[in-house]
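Here the structure is laid out as structure tokens; the discussion comes afterwards.
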Amino acid sequence: MTDLPVLDPAVGYVEEEIDPFLDLFEEIERLKREKNAVLLAHYYQEPDIQDIADYIGDSLGLSRKAAETDADIIVFAGVHFMAETAKILNPGKKVLLPDLNAGCSLADACPADAFAAFKARYPGHVVVSYINCSAATKALSDIICTSSNAEHIIRQIPEDQPILFAPDRNLGRFLMKRTGRDMVLWDGVCIVHETFSEQKLVRLKMRYPGAPVLAHPECEEAVLRHADFVGSTSQIRRFAREDAHDTFIVATEEGILHQMRKDSPEKTFIPAPPESGCNCNQCPHMRLNTLEKLYLCLKHEQPEITMDEKLRRRALRPIERMLEMSAAVA
Ligand code: 13P
Ligand code: SF4
């Protein structure tokens, strides 16, 4: 390892000039080999990062990969709660995140102290938390879930057991509708998925009649009601690969389109339109990671995710429960 530069937590990544002639793809591959590092990336990362990743997946797939890797270093190209989950599962490994400030509006919307007070109002409730939350909020939960296993997990909870679900109210409402279960919901939303416009989606459907709408369950109910398929990023990708239609409208962060187009170059994928003409269907947190920051993070092994051991153990239990309860989910 080179001499450690000082990492300014307010900046969140190592600031260092990079030779513009350096082939970053080659350098990242070399550093991965030399350091026995594995690069896990979420679908919402920029295409260059997806292309150099050892594994790309949804939150469940990434957690499983993090749990089983024998690499010494995990570089997590995703957001903070994902890298934190990898650290919770791998206390002995070094877990790096290219930009420490890559957060998540859902995780930020559910601070542990406020959540503890909320939970205290509902004694006797089993607490199921979406993985998009901090380690401290996970530690207050009984079971963690992701968008790909949430329904499967909720269905395993006895009918007479009241449930508190946090932090995504849209996923919570979707699950209530799907399972017929009543749940107490924490009122959080994803700033990216709440941006899709129902009106514009309806107009797009008229322009492309027959094109299935594939949506992530973090979308608002008004958007989900027009969806032909609702699932996690990996499930959306799989659906598009296996379905016979040639055109699809996709209501989730647009990074996923990169893999969908690679899987099926003959098919057309149209991103669902946001309310304004902005790029708000790109997650500003996920997109803080860049190829340059990824290179510097591997080179200097910073920023690193660290965690208090007592907190880690408390946050581990509900994650292990999730992995056990959803072993059958593909
Ligand atoms: P999945 O990839 O698990 O569907 O989650 C999407 C997401 O919100 C990641 O932040
Ligand atoms: Fe969080 Fe939404 Fe970004 Fe996912 S897309 S990381 S839920 S803000």
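In this text, residue positions in the sequence shown follow my numbering: the first is 962, and each later residue adds one.
For every residue, glycine included, the Cβ atom is placed at its ideal position computed from N, Cα and C.
Source: prediction; values computed, not measured.
Q) Who are the near neighbours of residue 1077 in its chain, counting only those whose CB is closer than 7 Å to its CB and skipping five residues on each side? A) 1101
Q. Within this structure, are the beta carbons of residue 1264 and residue 992 separated by less than 8 Å?
A. no
Q: Whole angstroms is fine: what's the gap from residue 1034's alpha carbon to residue 1147's?
A: 35 Å
Q: Note down, in chain order, each residue of its chain lying with its Cβ closer than 6 Å to the Cβ of residue 1048, except the 5 sequence neighbours on either side.
A: The beta carbon of residue 1048 lies closer than 6 Å to those of 1056, 1266, 1268 in the same chain, with the five residues before and after it left out.
Q. Taking C-alpha atoms, which residue in 965, 984, 987, 986 lies nearest to residue 977?
A. Scanning 965, 984, 987, 986 for the CA closest to the CA of residue 977 turns up 965.
Q: Please find out if some non-hydrogen atom of the ligand 13P comes closer than 7 Å to the beta-carbon of residue 1069.
A: no
Q. Where DSSP assigns a beta bridge to residue 1088, which residues make up the other side?
A. 1125
**Q.** Rounded distance between the beta-carbons of residue 1128 and residue 1091, thought under 8 Å
**A.** 6 Å
Q) Between residue 1221 and residue 1107, what straight-line distance do the alpha-carbon atoms span, to the nearest angstrom? A) 21 Å
(Q) Determine, for residue 1029, whether the minimum Cβ-Cβ distance to residues of chain D falls below 8 Å. (A) Given the protein chain composition of this structure (a single chain), no chain D is represented.
Q | Rounded straight-line distance, which links the Cα of residue 1189 to that of residue 1054 | A | Residue 1054 and residue 1189: Cα-Cα distance of roughly 41 Å.
Q. Which term fits residue 1037, buried or exposed, when burial requires 16 or more other beta carbons within 10 angstroms of its beta carbon?
A. buried
Q. Near the ligand 13P, which residues have their beta-carbon less than 5 Å from any of its heavy atoms, given in chain order?
A. 1019, 1020, 1107, 1108, 1193, 1194
Q. Looking at the structure shown, is residue 1138 part of a helix, part of a strand, or coil, going by DSSP?
A. helix
Q: Identify whether residue 1258 lies in helix, strand or coil by the three-state DSSP scheme.
A: helix
Q: Work out the CA separation of residue 1030 and residue 1058 for me, nearest whole Å.
A: Approximately 17 Å, taken between the alpha carbons.
Q. What is the DSSP secondary structure of residue 1027, counted as helix, strand or coil?
A. Here residue 1027 sits in helix by DSSP.
Q) Where does residue 1008 fall in DSSP's three states? A) Helix at residue 1008.
Q. So what does DSSP say about residue 1279, is it helix, strand or coil?
A. helix
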